[in-house]
Amino acid sequence: MIESTLQGIELSVNFLAKGGVFIIPIVASSLIAVALIIDRLWYYHRARCQITPLYARLTDLVKKDQIPEALALCENQRGILPRVFSLVLRNRDRSEQDIEKLISVAGTREIQQLSKHVRGLGIIGHVTPLMGLLGTVVGMVKTFMQIADLSGHVNPSLLAGGIWEALLTTAAGLTVAIPVVIIYHYFEGIVERFAFQMKNYSLELIDLLKDDRV
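In terms of full-length UniProt numbering, the numbers along the sequence shown are unbroken and rise by one, the last being 214.
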């Protein structure tokens with residue numbers, strides 16, 4: 001088993017070496033992408049909360065005018081939405097317009113944190129196939145330069161070998177780009193869902209507090 005693993009590693013290294021200098025930024029981009037993905041997954045995990053039971057309990061406390069208990073409930077919860085709810089409750093005596101402005105500022109700040117590094121994934125997803133394509137073009141140019149130096153006496157194996165080595169960079173670029181682009185759009189969906197929840201639930205809470213004051 002160890003021998004087969006070592007053979008696999010050796011084969012991978014040989015493939016990378018044959019890919020030329022353009023493989024280096026592609027591999028580096030893949031490592032950066034993995035680091036960014038892990039960072040975002042960890043952040044999103046900590047940003048989440050069990051919103052349905054939390055909001056049900058929160059609205060029940062607000063309807064009973066148990067604001068200190070509602071505030072304590074939010075402050076003891078982890079995640080973005082409890083922070084927004086806590087902001088609304090602490091400023092409940094201010095006008096509705098003022099509270100909405102506070103939510104807008106806080107929401108923008110939270111969205112910026114949620115979107116952090118996501119654009120970097122998008123850049124990697126779009127640039128790596130271009131780097132791979134550039135590597136292929138350069139490799140093909142070198143191959144045809146070698147053919148020209150042979151004065152027309154072309155060895156088919158030399159031609160085929162040069163072409164497949166040149167195509168390695170395109171394959172490597174696409175291998176990195178495809179999953180990165182998929183994850184990039186998945187993360188965008190998470191950010192949009194958080195933004196919707198912040199706006200929707202906070203406005204509902206404002207309306208509930210307003211009705212409670214009437």
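Backbone N, C-alpha and C define an ideal beta-carbon position, used for all residues, glycine too.
Give me the residue from the options with the minimum Cα distance to residue i.
{"i": "R90", "options": "K116, E110, V62", "result": "V62"}
{"i": "I23", "options": "A148, V176, F196", "result": "V176"}
{"i": "D207", "options": "H126, T108, Q97", "result": "Q97"}
{"i": "D39", "options": "A72, F187, G107", "result": "F187"}
{"i": "F194", "options": "I26, R83, D60", "result": "R83"}
{"i": "S115", "options": "N200, I37, S30, V191", "result": "V191"}
{"i": "C125", "options": "Q50, L87, A28", "result": "Per the sequence presented here, residue 125 reads as Gly, with Cys not at that position. Residue A28 is the option with its Cα nearest to G125."}
{"i": "L174", "options": "L205, P129, E165", "result": "P129"}
{"i": "S202", "options": "H45, G20, V21, S104", "result": "S104"}
{"i": "K199", "options": "D60, L87, M131", "result": "L87"}
{"i": "V34", "options": "R92, G122, R109", "result": "G122"}
{"i": "residue 239", "options": "Q113, D149, G162, R109", "result": "Within the shown structure, residues of the chain are numbered from 1 to 214, placing residue 239 beyond reach of any answer."}
Just the C-alpha distance for residue i and residue j, rounded to the nearest angstrom, thanks.
{"i": "L31", "j": "A166", "result": "22 Å"}
{"i": "F85", "j": "Q197", "result": "11 Å"}
{"i": "V127", "j": "K210", "result": "50 Å"}
{"i": "R94", "j": "I178", "result": "49 Å"}
{"i": "E204", "j": "L102", "result": "15 Å"}
{"i": "G20", "j": "W42", "result": "35 Å"}
{"i": "G135", "j": "P25", "result": "11 Å"}
{"i": "M145", "j": "V138", "result": "11 Å"}
{"i": "P68", "j": "M131", "result": "57 Å"}
{"i": "R109", "j": "K64", "result": "31 Å"}
{"i": "G120", "j": "G189", "result": "16 Å"}
{"i": "I147", "j": "V141", "result": "10 Å"}
{"i": "I99", "j": "Q66", "result": "20 Å"}
{"i": "D60", "j": "Q50", "result": "16 Å"}
{"i": "G162", "j": "T143", "result": "5 Å"}
In its own chain, which residues sit with a C-beta less than 6 Å from the C-beta of residue i, not counting the 5 before and 5 after it?
{"i": "residue 221", "result": "Missing from the structure shown is residue 221; the chain here goes from 1 to 214 and no further."}
{"i": "I111", "result": "A195"}
{"i": "R92", "result": "L209"}
Give every residue of the same chain whose Cβ lies closer than 8 Å to the Cβ of residue i, excluding the five residues on either side of it in the sequence, and list them in chain order.
{"i": "L133", "result": "T169, T170, G173"}
{"i": "H117", "result": "L36, D39, R40"}
{"i": "L58", "result": "A70, L73, C74, F85, L205"}
Give me, in chain order, the residues of the same chain whose beta-carbon lies closer than 7 Å to that of residue i; leave out the 5 immediate sequence neighbours on both sides.
{"i": "V214", "result": "Reliability of the predicted coordinates at V214 is poor, the pLDDT of 49 falling under 50, and no value is obtained from them."}
{"i": "A106", "result": "V84, L87"}
Checklist entry - Contact between the segment 182–198 and the segment 62–73: three or more CB pairs below 8 Å? => result no
Checklist entry - Does the segment 75–89 come close enough to the segment 51–66 that 3 or more CB-CB pairs lie under 8 Å? => result The way I'd put it, the segment 51–66 does touch the segment 75–89; three or more beta-carbon pairs between them come closer than 8 Å.
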